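Notes for the one structure printed next.
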Amino acid sequence: MRIATWNVNSVGARLPRLVEWLSLVRPDVLAVQETKCAADSFPYDAVREVGYDVEVHGDGRWNGVGLISRVGFDDLRRGFDAEPRFPTDDVPPEARAIAATFNGVRVWSVYVPNGREVDSDHYAYKLRWLDALTRTIESELPAYEKFVLTGDFNIAPTDADVWDPSVFVASTHVTEPERAAYRRLVGLGLVDLEARALKGDHPFTYWDYRAGSFHKGMGMRIDLVLASKAVATAVTDAYVDREARKGKGPSDHAPVVVDLKD
DNA sequence: ATGCCTTATTTCATAAGA
Numbered sequence: 007m008r009i010a011t012w013n014v015n016s017v018g019a020r021l022p023r024l025v026e027w028l029s030l031v032r033p034d035v036l037a038v039q040e041t042k043c044a045a046d047s048f049p050y051d052a053v054r055e056v057g058y059d060v061e062v063h064g065d066g067r068w069n070g071v072g073l074i075s076r077v078g079f080d081d082l083r084r085g086f087d088a089e090p091r092f093p094t095d096d097v098p099p100e101a102r103a104i105a106a107t108f109n110g111v112r113v114w115s116v117y118v119p120n121g122r123e124v125d126s127d128h129y130a131y132k133l134r135w136l137d138a139l140t141r142t143i144e145s146e147l148p149a150y151e152k153f154v155l156t157g158d159f160n161i162a163p164t165d166a167d168v169w170d171p172s173v174f175v176a177s178t179h180v181t182e183p184e185r186a187a188y189r190r191l192v193g194l195g196l197v198d199l200e201a202r203a204l205k206g207d208h209p210f211t212y213w214d215y216r217a218g219s220f221h222k223g224m225g226m227r228i229d230l231v232l233a234s235k236a237v238a239t240a241v242t243d244a245y246v247d248r249e250a251r252k253g254k255g256p257s258d259h260a261p262v263v264v265d266l267k268d
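Each residue of the first sequence is one higher than the one before, starting from 7 at the first, in the numbering used here.
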């Protein structure tokens with residue numbers, strides 16, 4: 007079984023690249039984030055033409071997550087109970103989480119809030135959201151031996167996960183409270199799968215569009231695959247597909263691809 | 001060993017991304 011995650015940064019803008027990538031890599035399940043489209047405007051037909059079904063959770067302009075599968079869907083879930091809202095409880099939750107089960111493997115696709123500035127309202131929301139996600143995963147995990155929590159976490163777990171730690175001092179993505187939230191998730195009994203980089207030593211998954219960051223190696227590892235032990239022990243390969251970050255009209259994130267023994 | 005921001009929108013400017 008091949009499972010992948012990819013922050014596509016707009017499924018509308020990325021559709022040609024997405025369809026090309028699905029046809030080339032043929033994952034069984036792809037978790038997508040930042041689809042940036044409402045559920046009723048998703049380009050379902052284009053994805054179906056290459057053999058995939060889609061379930062999405064979408065707001066419209068921002069956020070949006072989905073699961074793209076060629077092995078069906080079971081037990082679909084959009085969002086989660088007591089999901090924090092922003093800026094107030096008067097608004098619905100943002101579309102940041104969707105889950106389904108594929109041949110017995112439970113997969114969550116999540117897009118963790120960015121956080122913007124440390125100690126901002128957005129940062130507090132990010133930590134609240136991570137805390138609520140942790141409680142949800144904790145409650146679901148006992149029901150599934152094979153479990154994958156994947157997506158764009160907007161957290162670099164260690165200093166090795168950013169191209170230059172000195173650049174990120176006092177920035178979001180690397181602060182201790184964010185890293186502690188990551189460790190609490192992993193502490194539920196998950197393994198942060200070590201994807202290999204196709205070039206160099208750092209399996210970065212994101213490179214800013216600006217300043218030639220990609221070709222200078224100025225990246226971050228913020229797209230993660232957290233897996234239960236039953237999944238982790240079945241891994242035969244895991245890699246960051248930096249090829250998808252090259253060429254015309256790429257996302258600023260690269261996919262992470264994980265292969266599992268049957 | 002690859003190309004120097006990109007996206008959607010209440011569009012010709014803005015907010016957001018990380």
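From the three backbone atoms N, C-alpha and C, an ideal C-beta is built for every residue, glycine too. Just so it is clear, the structure is predicted and the values come from calculations on it, not from any experiment.
The C-alpha of Pro90 lies about 6 Å from the C-alpha of Trp135. In the structure shown, Ala105 falls within a strand segment according to DSSP collapsed to helix, strand and coil.
The beta-bridge partner set that DSSP reports for Val35 consists of Ile9, Ser75. Counting of Cβ neighbours within 10 angstroms places Trp68 among the exposed residues, the total staying below 16. If you look at Glu144, you'll find it in the alpha helix (DSSP H) that goes 127-146. Between Asp125 and Leu230, the alpha-carbon positions lie close to 24 Å from each other. Assigned with DSSP and collapsed to three states, Trp68 falls in coil, not helix or strand. If you draw a 10 Å sphere on the C-beta of Lys254, you find fewer than 16 other C-beta atoms in it, and that means exposed.
If you draw a straight line from the Cα of Glu249 to the Cα of Asp207, it comes to about 16 Å. Spatial neighbours of Leu204 in its own chain (CB-CB distance under 8 Å, excluding positions within 5 residues in sequence) are listed in chain order as Tyr245, Val246, Asp247, Arg248, Glu249. Contact check for Tyr58 against Leu28 passes: the beta carbons are separated by less than 9 Å. For Leu82, no alpha helix (DSSP H) encloses it; the enclosing beta strand (DSSP E) starts and ends at 80-84. Following the DSSP letters along the chain, one finds Glu182 inside the alpha helix (DSSP H) bounded by residues 182-192.
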